[in-house]
Amino acid sequence: MTTTKVFRQNLKTPFLFLLCLETLILFSSVYFVTYLRMHPDQLGSFNQFDTLLINASIIGVITPIAMLSTGLYQGNTREGIAGILIRISVSFVAAILITAITAYLVPDIILGRGIIALAFIQSFFIIGTLRVIFFETIDSDKFKKRILVYGAGETASHIDNKLRRKSDRRGFDIVGYMPVEHQIQAVPESQHITTHLSLLEYVREMEIDEIVIAISDASKNIPVNALVNCKLNGIDTINILSFFEREAGQIRVDIIDPAWLVTSDGFHKSQFQDAVKRVFDIFASLIILLIASPFMLLTIVAIWIEDGLSAPIFYSQTRVGKQGKTFSIYKFRSMRTDAETEGAVWAAKTDSRVTKVGAFIRKTRLDEFPQIANVLNGSMSFVGPRPERPEFIDNLANQIPYYHERHLVKPGVTGWAQLLYPYGSSVNDSYQKQLFDMYYVKNHNLFLDVLILLQTVEVVLFGKGAR
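Sequential numbering of the sequence shown, starting at 164, is according to this note's numbering.
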C-alpha cells in the first residue's frame with residue numbers, strides 16, 4: 164500500500180482515495196435525491212442551485228469529519244465489517260444531529276427534511292457497501308507492497324516482533340529476510356532468503372517493490388554495492404527506522420541510529436509555528452469548553468452526590484512540562500481523597516482507590532476536561548505527549564532512550580500515543596508510548612494536531628485506552 168505525504172504526514176493512499184470518493188458520494192447524493200423527487204416539468208425552472216450547493220457542501224464536509232473522528236480512515240484499523248458499520252452509523256447520526264442544529268439556527272439555507280433524510284439514507288447504503296468491497300480489496304495480496312528486508316539480525320527481527328497483526332501489515336507483505344555477512348542472525352532461518360542470484364536479479368525476479376535496510380547493528384564491513392546498484396536501477400530503498408515511522412507512526416528509540424536522527428526530516432521549530440499552535444489551542448479550548456460545559460456540571464453534581472457537598476471536586480498534581488519545567492495539572496477527582504497517603508504510585512487496571520463516579524469519568528475521559536484551564540494558561544497544549552509526574556521522570560529517563568526529548572514540546576490533553584497505545588501504568592507502557600511520542604515530537608504540525616484532536620473523539624466514544 165503506497166503512502167502520500169500531506170503536510171509531512173504519511174497518509175495511506177487508498178484511505179485518502181476512499182475519503183475523496185466518499186466525500187463525492189455524500190456531496191452528489193443531495194443533487195441526485197433533489198432531482199429524483201422533482202417533477203420533470205420543474206427541472207427547467209428550478210433556480211435553487213446555490214441552496215443545493217450549500218446543502219451538498221454541509222453534508223459532504225460534516226459527514227467525512229464525523230467519520231474521521233470515529234477512526235474510519237485509520238490505515239491500521241482492526242475492526243471487522245460489523246464494527247465498521249457501527250462506526251459508520253455513529254458518524255451518520257452525529258452528522259444528522261449537526262445538520263439538524265444547523266437547520267434550526269439557519270433555517271433558510273437548508274432544503275426540505277425529506278431531501279436531507281433521503282440523501283443520508285442513500286449515502287449510508289452506498290458507503291456501507293463500498294466499505295465492504297474496499298476492505299476485501301486492500302487486504303488481498305495483490306494490492307500489498309512486496310518488501311525484502313536486507314539483513315536478518317537483531318534490528319531486522321523487530322519487524323516480525325513489533326508488526327505482527329494483520330492490520331499492522333495491511334499495506335505490505337514481507338517476502339523474506341536476506342542475511343548479511345558478519346551479522347549475528349536473529350530472524351528464524353525459515354524466513355531467510357538464499358539465492359545464487361545477485362540482489363538486483365533476485366529483486367527483479369521476485370517483483371520486489373521495496374528493500375528495507377536493516378543493518379544498523381552489523382559490522383562496518385557490510386558490502387553496500389548491491390544496495391547502491393538496486394537504488395540506481397530504480398528500486399525503492401528505505402531505512403528500517405523510516406519504515407517504522409511510515410508504517411507504524413513510531414520512532415524506534417530502541418534501534419535508533421543517531422546519524423539517521425540528524426539527517427532525517429523533522430523537528431521543525433519556528434516562532435510562527437508556535438504562534439499558530441497557540442491560537443489553535445485557545446480556539447479549540449473555547450469551543451470544547453462550550454460543548455463540554457453541561458457534562459462538566461453533571462460531573463460536579465455526581466461527585467457531590469457520591470461523596471457529599473464538602474468533598475473536593477477537583478484535584479491538582481505536579482507534572483513536568485516543556486523544557487522540564489513543572490506545573491500543576493487539573494482534573495476532576497476520580498479517586499478517594501486518601502488515595503496517595505503513602506506516596507505516588509502507578510494507577511492499576513482495577514484500582515480500588517477509584518470511586519464509582521471516578522470509574523465512569525475516567526472511562527469517558529470526563530476527568531480530563533478541567534485541563535482546558537491548563538491549555539488556556541499556556542502550561543499545556545491540546546495535543547502533545549502526556550505529562551508525567553516528576554517522581555517517575557528520573558527512573559523513566561534512565562530506562563528509556565531519548566525520554567527527555569518529549570519535553571521539547573508542550574505536553575497535551577491528548578496525543579499521538581493516546582490514539583495508538585492503551586493506557587500506560589508501568590515502565591514498559593511508558594517505553595512503548597515513548598515510541599509514539601517521539602514520532603509526534605519529530606513530525607508535529609497543525610495538520611497533525613487537527614487529525615489527533617478529531618480522532619480523540621473515537622477514544623472517548625469507544626473507551627480506547629481508558630482506565
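Just so it is clear, CB atoms sit at the ideal spot from N, CA and C, and this is done for glycine as well.
None of these values were measured; they are calculated from a predicted model.
{"Check": "Determine the extent of the beta strand (DSSP E) in which residue 478 is found, giving its start and end residues.", "Outcome": "477–483"}
{"Check": "For residue 230 and residue 620, what's the separation of their Cα atoms in angstroms?", "Outcome": "10 Å"}
{"Check": "Leaving out five residues before and five after residue 261 in sequence, what residues of the same chain have Cβ atoms less than 8 Å from its Cβ?", "Outcome": "225 and 229"}
{"Check": "What three-state label does DSSP hand residue 250 in the structure shown?", "Outcome": "helix"}
{"Check": "Could you check what DSSP says for residue 498 in three-state terms: helix, strand or coil?", "Outcome": "strand"}
{"Check": "For residue 373, write down the residues that DSSP places opposite it in a beta bridge.", "Outcome": "310 and 399"}
{"Check": "Hey, quick one: how far does the beta strand (DSSP E) through residue 601 stretch, first residue to last?", "Outcome": "Counting along the chain, residue 601 falls outside any beta strand (DSSP E), though it belongs to the alpha helix (DSSP H) covering 590–606."}
{"Check": "Using three-state DSSP, classify residue 175 as helix, strand or coil.", "Outcome": "strand"}
{"Check": "Quick one: using the 10 Å Cβ neighbour count with 16 as the cut-off for buried, is residue 610 buried or exposed?", "Outcome": "exposed"}
{"Check": "When burial is assigned at 16 or more other CB atoms within 10 Å of the CB, is residue 436 buried or exposed?", "Outcome": "exposed"}
{"Check": "With contact counted as at least three CB pairs below 8 Å, one residue from each stretch, are the segment 473–481 and the segment 555–573 in contact?", "Outcome": "no"}
{"Check": "Quick one: what does DSSP say residue 335 is sitting in, helix, strand or coil?", "Outcome": "strand"}
{"Check": "Measuring CB to CB, does residue 236 end up less than 9 Å from residue 178?", "Outcome": "yes"}
{"Check": "Could you name the residues that DSSP lists as bridge partners for residue 575?", "Outcome": "544"}
{"Check": "By how many angstroms is the C-alpha of residue 489 removed from the C-alpha of residue 523?", "Outcome": "29 Å"}
{"Check": "Please list, in chain order, all residues of the same chain as residue 221 whose beta carbon is under 7 Å from its beta carbon, the five residues on each side excluded.", "Outcome": "262 and 265"}
{"Check": "From the DSSP secondary-structure annotation, give me the bridge partner or partners of residue 491.", "Outcome": "481"}
{"Check": "Can you tell me whether residue 165 is buried or exposed, with buried defined as 16 or more other CB within 10 angstroms of its CB?", "Outcome": "exposed"}
{"Check": "Pick out whichever of 581, 213, 362 and 519 has its Cα sitting closest to the Cα of residue 469.", "Outcome": "519"}
{"Check": "Got a sec? Which residues, its chain only, sit under 7 Å from residue 407 by beta carbon, not counting five neighbours each side?", "Outcome": "413 and 415"}
{"Check": "Which of the three DSSP states is assigned to residue 387 in this structure?", "Outcome": "coil"}
{"Check": "Is the separation between the beta-carbon of residue 341 and that of residue 311 shorter than 9 Å?", "Outcome": "yes"}
{"Check": "Could you tell me the distance, in whole angstroms, from the CA atom of residue 337 to the CA atom of residue 223?", "Outcome": "38 Å"}
{"Check": "Grab the span of the beta strand (DSSP E) containing residue 169 for me, first residue to last.", "Outcome": "166–169"}
{"Check": "For the alpha helix (DSSP H) holding residue 565, just list the boundary residues, first then last.", "Outcome": "Neither: residue 565 is in no alpha helix (DSSP H) and is coded neither H nor E."}
{"Check": "Return the chain-ordered list of same chain residues with a C-beta closer than 6 Å to the C-beta of residue 528, the five sequence neighbours on each side being excluded.", "Outcome": "623"}
{"Check": "Is it right to say residue 422 is buried, meaning 16 or more other beta carbons lie within 10 angstroms of its own, or is it exposed?", "Outcome": "exposed"}
{"Check": "Just tell me which of 295, 355, 296 and 576 has its CA closest to the CA of residue 320.", "Outcome": "355"}
{"Check": "Is residue 316 near residue 378, with beta carbons less than 9 Å apart?", "Outcome": "yes"}
{"Check": "State the Cα-Cα distance for the pair residue 333 and residue 267, rounded to the nearest angstrom.", "Outcome": "43 Å"}
{"Check": "Does the Cβ-Cβ distance between residue 256 and residue 218 come in under 9 Å?", "Outcome": "no"}
{"Check": "With DSSP run on the structure shown, which of helix, strand or coil describes residue 584?", "Outcome": "coil"}
{"Check": "What's the gap between the Cα of residue 366 and the Cα of residue 309?", "Outcome": "10 Å"}
{"Check": "Is residue 618 near residue 232, with beta carbons less than 9 Å apart?", "Outcome": "yes"}
{"Check": "Where does residue 180 sit, in a helix, a strand or coil, going by DSSP?", "Outcome": "helix"}
{"Check": "Please state whether DSSP places residue 340 in a helix, a strand or coil.", "Outcome": "strand"}
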